[in-house]
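Peer 1:
Numbering (my numbering), first residue to last: 294 to 530.
#1: With residue 462 and residue 428 assumed to form a contact (beta carbons below 8 Å), what rounded beta-carbon distance in angstroms separates them?
#2: Check for me: the beta strand (DSSP E) holding residue 259 runs from which residue to which?
#3: Based on Cα-Cα distance, which residue from 378, 436, 361 lies nearest to residue 334?
#4: For residue 306, is the classification buried or exposed, using 16 other Cβ atoms within 10 angstroms of its Cβ as the cut-off for buried?
#5: Taking only runs that begin and end inside the segment 324–373, name each unbroken beta strand (DSSP E) of 3 or more residues, in chain order.
#6: Run through DSSP, which three-state label would residue 442 get?
#7: Any idea if residue 337 is buried or exposed, counting beta-carbon neighbours within 10 angstroms, 16 or more meaning buried?
#8: Evaluate the contact criterion for the segment 363–374 versus the segment 397–406: three or more CB pairs, one atom per stretch, below 8 Å.
#9: Looking only at its chain, what residues have a beta carbon closer than 8 Å to the beta carbon of residue 510, apart from the 5 residues adjacent to it on each side?
#10: Given a cut-off of 8 Å on the beta-carbon distance, is the pair residue 425 and residue 382 in contact?
#11: Please report the distance separating the alpha-carbon of residue 514 from that of residue 494.
#12: Measure the alpha-carbon distance for residue 347 versus residue 478 and round it to whole angstroms.
#13: Determine the burial state of residue 412: buried for a count of at least 16 other Cβ atoms within 10 Å of its Cβ, exposed for fewer.
#14: With a cut-off of 8 Å on the beta carbons, I'd call residue 464 and residue 407 a contact; round off their distance for me.
#15: Would you grab the beta carbon distance between residue 497 and residue 394 for me? Rounded to a whole angstrom, and I think it's under 8 Å.
#16: Confirm, please, whether the CB-CB distance from residue 430 to residue 309 is below 8 Å.
#17: Going by alpha carbons, who is nearest to residue 482 out of 434, 349, 399, 516?
#18: Under a three-way DSSP split, which group does residue 384 fall into?
#19: Kindly indicate if chain C contains any beta-carbon less than 8 Å away from that of residue 369.
#20: Apart from the five residues just before and just after residue 357, which ones in its own chain have a Cβ nearer than 6 Å to its Cβ?
#21: For residue 239 versus residue 507, is the C-beta spacing smaller than 8 Å?
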């Protein structure tokens, strides 16, 4: 599905919604049901996966002790097509929801987040007044492998010795001995209906801001936007 607002402007990101097809399996062997991807433009360099800090994916294991290495964002290499994308968000989605489910606002591997961020994200109300689709997405990061990590999953691709890649919903620490929270969280409420004879999703998006304390801020100035199914020949990528 591709983005289009009421003014006809478009971007080159698109969404892929998975059911129970096993997509999205992570190094902790979770995340393989109702996986959702937001995929942005292809990277200019299709030969190498680049990461924050001006390093490449194969350098990540040797740099695992760098400051901020546990949140190092990297390009995403699609395990099916081999295309490397410059930016990528992923998470889980659910439908028929009147509120954000608790399981969306915690890590399956590590549990809940600090500073009440889970409650802050879950507190974003359904704007549609009826049951709707909801999802929470996170950036793609690559870090050093720890004990118990399984690198055989599909979305560990490209398989790199000593490195693992996943969507970052981990709490880690706050630097003061307490629980932290993922610094980049996006939440989307979506309503499915028809525009004439064509399916459409009306979207209200929100993102986490830590300025003045964690809070969810509306995207697009609080205005909704629209996603349409993208047929062959009409997609912007």
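Glycine included, C-beta positions come from ideal geometry on N, C-alpha and C.
Peer 2: In short, the structure shows the following:
#1: Actually they do not touch by this definition, with Cβ atoms about 12 Å apart.
#2: Nothing in the structure corresponds to residue 259, since the chain is present only between 294 and 530.
#3: 378
#4: buried
#5: 328–332
#6: coil
#7: exposed
#8: no
#9: 499, 500, 501, 502
#10: no
#11: 18 Å
#12: 23 Å
#13: exposed
#14: 6 Å
#15: Not really, about 17 Å apart at Cβ, beyond 8 Å.
#16: no
#17: 516
#18: strand
#19: Of the chains in the structure shown, none is chain C; there is only one protein chain.
#20: 437
#21: An answer regarding residue 239 cannot be provided, because it is not within the stretch 294 to 530 covered by the chain.
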